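Chemist: Just passing along the structure, written as structure tokens.
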Amino acid sequence: QVQLVESGGGLVQAGGSLRLSCAASGSIFSINAMGWYRQAPGKQRDLVARITSGGATNYADSMKGRFTISRDNAKNTVYLQMNSLKPEDTAVYYCRVDASYGMAYWGKGTLVTVSS
């Protein structure tokens, strides 16, 4: 069984910062990419940022320059540093891990609320 434990969400004022963490544990043979997605009420779940095992990153356009994804391979943990937060960043943020054999795992999500 694989578990993803997310933390770091909460309420912040516009312009503020938050740091999300996601730790993966369990029967994961090897982790390839790790990433963050978000889903606002009534909207689909979209990519925020993704990082490969080699450290290559990609971001959704609206997050470039404000969000930074990083990972600690030894701890199977991925982080998302979010700066200059906007009310439109309000969403549930989900961690995703892409592992061997095409397996993908999702966390339960952590709510980020940005007040204006």
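So for the sequence shown, my numbering puts the first residue at 815; every next one is plus one.
By construction, the Cβ of each residue, glycine as well, lies at the ideal position given by its N, Cα and C atoms.
Keep in mind that this is a model prediction, so the values were computed, not measured.
For Arg-880, which residues of its own chain have a beta-carbon under 6 angstroms away from its beta-carbon, when the five flanking residues on both sides are left out?
Modeler: Asn-897, Ser-898
Chemist: Just mark Ala-828 as buried or exposed, buried being the case when its beta carbon has 16 or more other beta carbons within 10 Å.
Modeler: exposed
Chemist: Going by C-alpha to C-alpha distance, which of Gly-830, Lys-857, Pro-901, Leu-894 sits closest to Arg-864?
Modeler: Leu-894
Chemist: Helix, strand or coil: which one does DSSP assign to Met-896?
Modeler: strand
Chemist: Quick check: Gly-849 and Leu-834, are their CB atoms within less than 8 angstroms of each other?
Modeler: no
Chemist: Select from Asn-887, Phe-843, Tyr-851 the residue whose C-alpha is nearest the C-alpha of Ala-837.
Modeler: Asn-887
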